[in-house]
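A.B. asks:
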Amino acid sequence: MRKYIFRAFLAILALAWASCQKDNQRFVYDKLNTVSIKTADSSFVITQLDTLSIQTQLTESIPSGDSYTYEWKAYMVGENAVILSDKKDLKVAVNLSPGSYDLIYTVTSVKTGISSFMLYPLTVNGAFYEGWLVAANQDGKARLSFIRANDSVFFSPAEDVNKTTYPGKALGVNAGITSSYANLALVMFYTDQGVYRFNADNFIQNGTTADIFPEPKQFSASCAYAMSKIPYDQYIVADGGLYAGIGPLFYPQDVLKPYSERLTGDYTLFPVVINSATAVTLFYDNKYRRFMSVPLGDRMLSPVSASPGAVFNMADVGKKMIGWDYGTQSVISSDEIYFVMQDDAGIRYLYSLKGATPELSQQIGNSPDIEKASAFAASGVVKHLYYAAGNKIYLYDILANSSKMVYTFPDGVKIKDLKMLSITSKRIVVATNTGTVGEVYYFDLDNLGDIINHTYVKKFTGFGEIINLSYRSAN
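Numbered per mature numbering (1 follows the signal peptide of the UniProt record, and there is no 0), the sequence shown spans residues -18 to -1, 1 to 457.
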């Protein structure tokens, strides 16, 4: 036994001695050549199909004369990466779907295989990412035009993209865009021969009357389309009837399925979807002059409960609705919406709801031509309501209960529509007709609500007889 212990001791001693010996090996360390990448910008925004150009400045840590390979790649979460180019500098027409991407630039040494990387946020906007939709009649047919946010004008994008025309008389256009809870971007274009639905990003047609309604239908008046505030439902108000569809919140795969039949009941709705509250969507019945509601996910339109102690009784307003617009808006809390009402004597009133609660009720006073007003636009910042009568634009100060004229077009010009650019409340957009010739004007507003320099800042021509305007907000 002692013999084995002694041998083990000698082995340990030998190892200890060896570990103490000086290591005479010599290693040569060469510095690695790395590449730094510089560009003028650190993020990029591009419109679909436009050319993205990026010049790069490459600097080696050790000038070597090495050759390199290059790769530009775009990646969206949940999608496969798309290689855009193998050139040092990028210059390529971007044919990516609209959305947010990581743009990854890779420079690789042919000699060492070592790569350097840069990552840039890249936003791809659709060709029709934001702007004003214009419904008009021109050359004997309905025409849908688009004024993009950068002032580019597309006079017939739906016709050009889908290689078709839209016969009949245009009745109006609406856009439905949501990205807060679920993505959906649709345009509804109405004519007296049917409705046409388009993808708002590219104007590809994805539905007609037969796809949207469960039974044949023709239209005779202006329609309304919108989603509930929480986008569980879609709604169309057409010829006084209400039709409900599935929203994108939980069932995005079903948003293009047909709508319901006309919701049952004795009513004639004004063409507005009042999505100011989260739990219900409201509507206004001009037949019995009352508000009505549909709960989220329901298909029953019912009169609202009486509210005799409120600013006004929503179940018995007793007046006809003739106009409306948003006031202050919020993604998650209640919105304020204004309504212009008229009694049987022709006297006009301003009402408002905050969510589903009555907020304001007053007779409109000291307001020239208010009885002739046909279009209305409200500020989301101050208590102002603009209205158009004939060729004149007026500013109604809600708190002062009085109006003043802020602009007059020449004789022969008739204002057809008036809208507020709600994302800023600093611009009103006006559609006019002189006979069958339509034009669109931008007027910028100062902090008091007056028109800056008393004139327009942009004018767009070339439209037919305009029916209405609708804003296509960004996704």
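The beta-carbon is built from N, C-alpha and C at its ideal position, and this holds for glycine as well.
Using the DSSP secondary-structure output, state which residues sit across from I36 in a beta bridge.
C.D. replies: Taking the first residue of the sequence shown as position 1, residue 36 is located at position 54. Partner(s): L72.
A.B. asks: Please check the pair V59 and L66, which I expect to be a contact at CB under 8 Å, by giving their CB distance rounded to whole angstroms.
C.D. replies: Your numbering for residue 59 matches position 77 in the sequence shown. Your numbering for residue 66 matches position 84 in the sequence shown. In fact, because the Cβ distance is near 18 Å, the residues do not count as touching under 8 Å.
A.B. asks: Here's a check: name, in chain order, each residue in its chain whose Cβ is nearer than 6 Å to the Cβ of L(-6), leaving out the five neighbours to either side.
C.D. replies: To locate residue -6, count along the sequence shown from 1; it is residue 13. Reliability fails at L(-6), whose pLDDT of 48 lies under 50, so the model's placement of it is uncertain and no value is given.
A.B. asks: Does the structure place the region 441 to 455 close enough to the region 408 to 426 that three or more beta carbon pairs sit under 8 Å?
C.D. replies: Because the criterion of three Cβ pairs below 8 Å is met, the region 408 to 426 and the region 441 to 455 touch.
A.B. asks: From L166 to S46, what distance separates their C-alpha atoms?
C.D. replies: Taking the sequence shown and counting its residues from 1, one reaches residue 166 at position 184. Taking the sequence shown and counting its residues from 1, one reaches residue 46 at position 64. C-alpha separation (whole angstroms): 52 Å.
A.B. asks: Helix, strand or coil: how does DSSP classify P234 here?
C.D. replies: Position 252 of the sequence shown holds residue 234. Residue state, collapsed to three classes: helix.
A.B. asks: So what does DSSP say about I304, is it helix, strand or coil?
C.D. replies: Indexing the sequence shown from 1 puts residue 304 at position 322. Looking at I304 - three-state DSSP - the assignment turns out to be strand.
A.B. asks: Need the endpoints of the alpha helix (DSSP H) that A288 sits in, please.
C.D. replies: Reading the sequence shown from its first residue, position 306 is the one you call residue 288. No alpha helix (DSSP H) contains A288, which DSSP labels as neither H nor E.
A.B. asks: Would you say the region 181 to 189 touches the region 217 to 234, given that touching needs at least three Cβ pairs under 8 Å?
C.D. replies: Result no; under three Cβ-Cβ pairs closer than 8 Å.
A.B. asks: Should the region 339 to 357 be called in touch with the region 288 to 301, which here means at least 3 C-beta pairs below 8 Å?
C.D. replies: With a cut-off of 8 Å, the region 288 to 301 and the region 339 to 357 count as touching, because enough Cβ pairs lie within range.
A.B. asks: Am I right that I256 and T263 are in contact with their C-beta atoms under 8 Å? What's the rounded C-beta distance?
C.D. replies: For the purposes of this step, residue 256 is identified with residue 274 of the sequence shown, where counting begins at 1. For the purposes of this step, residue 263 is identified with residue 281 of the sequence shown, where counting begins at 1. 7 Å between Cβ atoms; contact.
A.B. asks: Starting from A192, trace the beta strand (DSSP E) both ways and give me its first and last residue.
C.D. replies: For the purposes of this step, residue 192 is taken as the residue at position 210 of the sequence shown. That residue, A192, is in no beta strand (DSSP E); its alpha helix (DSSP H) goes 191 to 194.
A.B. asks: Assign E61 to one of three DSSP states: helix, strand, or coil.
C.D. replies: Position 79 of the sequence shown holds residue 61. Of the three classes helix, strand and coil, the one that applies to E61 here is coil, per DSSP.
A.B. asks: Quick one: complete alpha helix (DSSP H) runs, 4+ long, within the region 110 to 166?
C.D. replies: DSSP runs (the alpha helix (DSSP H)) wholly in the region 110 to 166: 139 to 144.
A.B. asks: Taking the beta carbon of G229 as the centre, do at least 16 other beta carbons fall within 10 Å, making it buried, or is it exposed?
C.D. replies: Here residue 229 refers to the residue found at position 247 of the sequence shown. Buried.
A.B. asks: If we count the other Cβ atoms within 10 Å of its Cβ and call it buried at 16 or more, is F99 buried or exposed?
C.D. replies: Taking the sequence shown and counting its residues from 1, the one referred to as residue 99 is at position 117. F99 is exposed by the Cβ-count criterion.
A.B. asks: Closest by CA to S385, which one among Q216, D432, I397?
C.D. replies: Within the sequence shown, numbered from 1, the residue matching residue 385 stands at position 403. Checked all of Q216, D432, I397; the closest Cα to S385 is D432.
A.B. asks: Just confirm the distance between the C-beta atoms of M387 and Y369, as a whole number of angstroms; I'd bet it's less than 8 Å.
C.D. replies: Reading the sequence shown from its first residue, position 405 is the one you call residue 387. Reading the sequence shown from its first residue, position 387 is the one you call residue 369. With 8 Å as the limit, M387 and Y369 do not qualify as a contact, their Cβ atoms being about 10 Å apart.
A.B. asks: Our contact map puts I36 next to N457 with C-beta atoms below 8 Å; I'd like the distance itself, whole angstroms only.
C.D. replies: Here the question's residue 36 lines up with position 54 in the sequence shown. Here the question's residue 457 lines up with position 475 in the sequence shown. Not confirmed; about 24 Å, so no contact.
A.B. asks: Which runs of the beta strand (DSSP E), 3 residues or longer, sit entirely within the region 249 to 294?
C.D. replies: Segments of the beta strand (DSSP E) lying fully in the region 249 to 294: 262 to 267, 272 to 277.
A.B. asks: Consult DSSP for N188 and reduce its assignment to one of helix, strand or coil.
C.D. replies: Walking along the sequence shown from the start, residue 188 turns up at place 206. Residue state, collapsed to three classes: strand.
A.B. asks: On a CA-only basis, which of A297, K336, Y249, P139 is nearest N181? Give me that one, please.
C.D. replies: Indexing the sequence shown from 1 puts residue 181 at position 199. The shortest Cα separation from N181 among A297, K336, Y249, P139 belongs to P139.
A.B. asks: Can you give me the start and stop residues for the beta strand (DSSP E) that E447 sits inside?
C.D. replies: Here the question's residue 447 lines up with position 465 in the sequence shown. Unbroken beta strand (DSSP E) run through E447: 447 to 454.
A.B. asks: Return the CA-CA distance between L238 and V89, expressed in angstroms with no decimal places.
C.D. replies: Position 256 of the sequence shown, counted from the start, is the residue given in the question as residue 238. Position 107 of the sequence shown, counted from the start, is the residue given in the question as residue 89. Straight-line Cα distance between these residues: approximately 44 Å.
A.B. asks: Could you check the C-alpha separation between D426 and T16 for me, to the nearest Å?
C.D. replies: In the sequence shown, the residue the question calls residue 426 occupies position 444. In the sequence shown, the residue the question calls residue 16 occupies position 34. Going from the Cα of D426 to the Cα of T16 covers about 52 Å.
A.B. asks: Pull up the distance between the alpha-carbon of F445 and that of D121, whole angstroms please.
C.D. replies: Here the question's residue 445 lines up with position 463 in the sequence shown. Here the question's residue 121 lines up with position 139 in the sequence shown. For F445 and D121, the distance between alpha carbons rounds to 10 Å.
A.B. asks: Measure the CB-CB distance between G279 and D215 and report whether it falls below 8 Å.
C.D. replies: Along the sequence shown, read from residue 1 onward, the residue named residue 279 stands at position 297. Along the sequence shown, read from residue 1 onward, the residue named residue 215 stands at position 233. The answer is yes: Cβ separation under 8 Å.
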